[in-house]
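Asker: Below you'll find the structure I mean.
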Amino acid sequence: MTRSFFSTVLLCSAFSLMSLPVLADGMVVDKVYHPYVLPFEREVEWRLLSRQTDDRNVLAQRAGLGWAITESVTVEGYMIGERDPADNFDLAAYELEARWQMVEQGRYWADWGMLFELEKRHKISAYEATIGMLFEKEFGKTSLTMNAFIVREWGQAIKNEWESEFRAQLRYRYDPAFQPAIELYSGEDFVGVGPAIIGLYRFAGQRQLKWEVGFVSEISHSGKDHSFRLALEFEF
Amino acid sequence: MLVIRSYMFVISLFYLFFTPRALAADSVNIILKDHLFMPAEIEIPAGKKVRLIIDNQDDTAEEFDSFDLNREKVLFPHRKSVIYIGPLSIGEYRFFGEFSPNTAQGKVIVRESTDAP
Numbered sequence: 273m274t275r276s277f278f279s280t281v282l283l284c285s286a287f288s289l290m291s292l293p294v295l296a297d298g299m300v301v302d303k304v305y306h307p308y309v310l311p312f313e314r315e316v317e318w319r320l321l322s323r324q325t326d327d328r329n330v331l332a333q334r335a336g337l338g339w340a341i342t343e344s345v346t347v348e349g350y351m352i353g354e355r356d357p358a359d360n361f362d363l364a365a366y367e368l369e370a371r372w373q374m375v376e377q378g379r380y381w382a383d384w385g386m387l388f389e390l391e392k393r394h395k396i397s398a399y400e401a402t403i404g405m406l407f408e409k410e411f412g413k414t415s416l417t418m419n420a421f422i423v424r425e426w427g428q429a430i431k432n433e434w435e436s437e438f439r440a441q442l443r444y445r446y447d448p449a450f451q452p453a454i455e456l457y458s459g460e461d462f463v464g465v466g467p468a469i470i471g472l473y474r475f476a477g478q479r480q481l482k483w484e485v486g487f488v489s490e491i492s493h494s495g496k497d498h499s500f501r502l503a504l505e506f507e508f
Numbered sequence: 011m012l013v014i015r016s017y018m019f020v021i022s023l024f025y026l027f028f029t030p031r032a033l034a035a036d037s038v039n040i041i042l043k044d045h046l047f048m049p050a051e052i053e054i055p056a057g058k059k060v061r062l063i064i065d066n067q068d069d070t071a072e073e074f075d076s077f078d079l080n081r082e083k084v085l086f087p088h089r090k091s092v093i094y095i096g097p098l099s100i101g102e103y104r105f106f107g108e109f110s111p112n113t114a115q116g117k118v119i120v121r122e123s124t125d126a127p
């Protein structure tokens, strides 16, 4: 127990190394990824993010289609839409994502996976490649999930730079439809914390609907900066 | 600076990944046949990691699902699949097959270490 506690503390420190101050140009609040892949799994996904600051509201939505290509790897493609400063909502980017479950769930002290993403901004020369480590550890009915990402941005319309991000979620598996959580998002000069509710509803067979709702408040700066996030996943 | 932090991060991960090794796990064998888990009830000791070896003898795939155990795993036909559970507290943990939820049902009963076989 003591060893488990100290290992967790050390691991949290290791992950937090990824979230020391970096420059800002994107949105950090998104989703905490779990390191699990289910063979045969296919899913359609929709995510919404609304970020309200003193100056403006940023609205982004993404729609994705994903499927497992092996027993441990799933790929997902996204179309990302954002509202521009002139209040026009339009296609802003495309993204391809691969998630790899590295170990059998429950076999080791913790579960591990990796995430790879490649994003291209629509109509302009701006690219973003991400590589991330996914971690999950169970403590009875509570699960701690952490993501650490290294991001490389390049292109003629964007500054070439490295960035890092850290996400964490502490979730209590109370009921399939109601799993309260606390989430933390850090990176790009942003540190946000807030509550979330996660749930799922099973239909017949492999079909199920998962939802995540979260409200994240920025805590490292003064002034208003709240983000509301909603994600719906239908697996079939 | 980011590169140094990244190296430290990777080194820390390797330390954590390899030092807290997998706990030694007892094994329990379960057969899935005609969309039934046999035995449907198994007893395991509290506080120990256990390896469920499920032999799917049906011609179709099944999906082991348990919110109580926090596990979801595809059981390929005519193949043995391994699911690691625990360490668990004393109690009952239900599981079922997603493709045959009315027949493929089971329960893990966790008892004090001395009571379990």
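So the protein lines, in turn, are chains A and B.
Take the first sequence: its position 185, counted from the start at 1, is 457 in this note's numbering, and no numbers get skipped.
Take the second sequence: its position 22, counted from the start at 1, is 32 in this note's numbering, and no numbers get skipped.
The beta carbon of each residue, even a glycine, is placed where N, CA and C say it ideally should be.
Should the segment 320–336 of chain A be called in touch with the segment 490–503 of chain A, which here means at least 3 C-beta pairs below 8 Å?
Answerer: A contact exists between the segment 320–336 of chain A and the segment 490–503 of chain A.
Asker: Is it buried or exposed, residue 431 of chain A, if we count other Cβ atoms within 10 angstroms and call 16 or more buried?
Answerer: Start at 1 with the first residue of the first sequence, and residue 431 of chain A comes out as number 159. Exposed.
Asker: Could you give the distance in angstroms between the alpha-carbon of residue 393 of chain A and the alpha-carbon of residue 338 of chain A?
Answerer: Your numbering for residue 393 of chain A matches position 121 in the first sequence. Your numbering for residue 338 of chain A matches position 66 in the first sequence. C-alpha separation (whole angstroms): 20 Å.
Asker: Roughly how many whole angstroms lie between the Cα atoms of residue 91 of chain B and residue 479 of chain A?
Answerer: As a working note, residue 91 of chain B is residue 81 in the second sequence. As a working note, residue 479 of chain A is residue 207 in the first sequence. Roughly 22 Å between the two C-alpha positions.
Asker: Can you list the residues of chain B that residue 445 of chain A reaches, using a CB-CB cut of under 8 Å?
Answerer: The residue given as residue 445 of chain A occupies position 173 in the first sequence. Chain B residues near residue 445 of chain A: 77 and 80.
Asker: Identify whether residue 415 of chain A lies in helix, strand or coil by the three-state DSSP scheme.
Answerer: Position 143 of the first sequence, counted from the first residue, corresponds to residue 415 of chain A. Strand.
Asker: How big is the Cα-Cα spacing for residue 368 of chain A and residue 333 of chain A?
Answerer: The residue you call residue 368 of chain A lines up with position 96 of the first sequence. The residue you call residue 333 of chain A lines up with position 61 of the first sequence. The straight-line gap from Cα to Cα measures roughly 15 Å.
Asker: With residue 406 of chain A and residue 385 of chain A assumed to form a contact (beta carbons below 8 Å), what rounded beta-carbon distance in angstroms separates them?
Answerer: Taking the first sequence and counting its residues from 1, the one referred to as residue 406 of chain A is at position 134. Taking the first sequence and counting its residues from 1, the one referred to as residue 385 of chain A is at position 113. The Cβ separation is near 4 Å, so the contact holds.
Asker: Against chain B, does residue 448 of chain A count as a neighbour if the rule is that its beta carbon must be under 8 Å from one of theirs?
Answerer: Here residue 448 of chain A corresponds to residue number 176 of the first sequence, with the count starting at 1. At least one chain B Cβ lies under 8 Å of residue 448 of chain A.
Asker: Hey, out of B:111, B:54, B:87 and B:89, whose CA is closest to residue 103 of chain B's CA?
Answerer: In the second sequence, residue 103 of chain B corresponds to position 93, counting from 1. For residue 103 of chain B, the nearest C-alpha among the options comes from B:54.
Asker: Can you tell which of B:95, B:114, B:75 and B:66 has the C-alpha that lies nearest to the C-alpha of residue 86 of chain B?
Answerer: Within the second sequence, residue 86 of chain B is the residue found at index 76, counting from 1. Closest option to residue 86 of chain B, Cα to Cα, is B:66.
Asker: Determine the direct distance from the alpha carbon of residue 105 of chain B to that of residue 49 of chain B, and round the result to whole angstroms.
Answerer: Reading the second sequence from its first residue, position 39 is the one you call residue 49 of chain B. Reading the second sequence from its first residue, position 95 is the one you call residue 105 of chain B. Between residue 49 of chain B and residue 105 of chain B, the C-alpha separation is close to 12 Å.
Asker: Do residue 445 of chain A and residue 80 of chain B come within 8 Å of each other at the CB atom, strictly closer than that value?
Answerer: In the second sequence, residue 80 of chain B corresponds to position 70, counting from 1. In the first sequence, residue 445 of chain A corresponds to position 173, counting from 1. Yes, they are a contact pair.
Asker: Name the residues in the segment 372–387 of chain A whose C-beta lies less than 8 Å from a C-beta of chain B; which are they?
Answerer: Of all residues in the segment 372–387 of chain A, 376, 377, 378, 379, 380, 381, 382 and 384 have a Cβ within less than 8 Å of some Cβ in chain B.
Asker: Go through its chain and collect everything with a Cβ distance to residue 466 of chain A's Cβ below 7 Å, but skip five positions before and after it.
Answerer: As a first step, residue 466 of chain A must be located in the first sequence, where it is residue number 194. The residues are 455, 486, 487, 488 and 489.
Asker: In terms of residues, what are the limits of the beta strand (DSSP E) holding residue 39 of chain B?
Answerer: Position 29 of the second sequence, counting from 1, holds the residue named residue 39 of chain B. Counting along the chain, the beta strand (DSSP E) containing residue 39 of chain B begins and ends at 36–43.
Asker: Any C-beta of chain A sitting closer than 8 Å to the C-beta of residue 37 of chain B?
Answerer: Locating residue 37 of chain B in the second sequence gives position 27, counting from the first residue. No, residue 37 of chain B does not count as interfacial toward chain A.
Asker: For residue 306 of chain A, does the count of other Cβ atoms within 10 angstroms reach 16, so buried, or fall short, so exposed?
Answerer: The residue given as residue 306 of chain A occupies position 34 in the first sequence. With 16 or more other Cβ atoms within 10 Å, it is buried.
Asker: Can you give the Cα-Cα distance for residue 37 of chain B and residue 313 of chain A, rounded to whole angstroms?
Answerer: Here residue 37 of chain B corresponds to residue number 27 of the second sequence, with the count starting at 1. Here residue 313 of chain A corresponds to residue number 41 of the first sequence, with the count starting at 1. About 28 Å.
Asker: The beta strand (DSSP E) that contains residue 104 of chain B, what's its start and end?
Answerer: For the purposes of this step, residue 104 of chain B is taken as residue 94 along the second sequence, with counting starting at 1. 101–107 is the extent of the beta strand (DSSP E) around residue 104 of chain B.
Asker: Per DSSP, residue 70 of chain B is paired with what?
Answerer: Taking the second sequence and counting its residues from 1, one reaches residue 70 of chain B at position 60. None, per the DSSP bridge assignment.
Asker: So residue 99 of chain B packs on residue 45 of chain B, CB below 8 Å; how close in whole Å?
Answerer: For this step, residue 99 of chain B is matched to residue 89 along the second sequence. For this step, residue 45 of chain B is matched to residue 35 along the second sequence. About 30 Å separates the two Cβ atoms, so there is no contact after all.
Asker: Which whole runs of the alpha helix (DSSP H) in the segment 336–392 of chain A are 4 residues long or more, in chain order?
Answerer: None, since the segment 336–392 of chain A contains no complete alpha helix (DSSP H) of that length.
Asker: Cβ closer than 7 Å: which chain B residues qualify as neighbours of residue 333 of chain A?
Answerer: Taking the first residue of the first sequence as position 1, residue 333 of chain A is located at position 61. The contacting residues do not exist; residue 333 of chain A stays about 28 Å from chain B at best.
Asker: To which residues does DSSP link residue 329 of chain A through a beta bridge?
Answerer: By 1-based counting over the first sequence, the position of residue 329 of chain A is 57. DSSP output for residue 329 of chain A lists A:324 as bridge partner(s).
Asker: Which term fits residue 439 of chain A, buried or exposed, when burial requires 16 or more other beta carbons within 10 angstroms of its beta carbon?
Answerer: Residue mapping note: residue 439 of chain A aligns to position 167 of the first sequence, counting from 1. Label assigned to residue 439 of chain A: buried.
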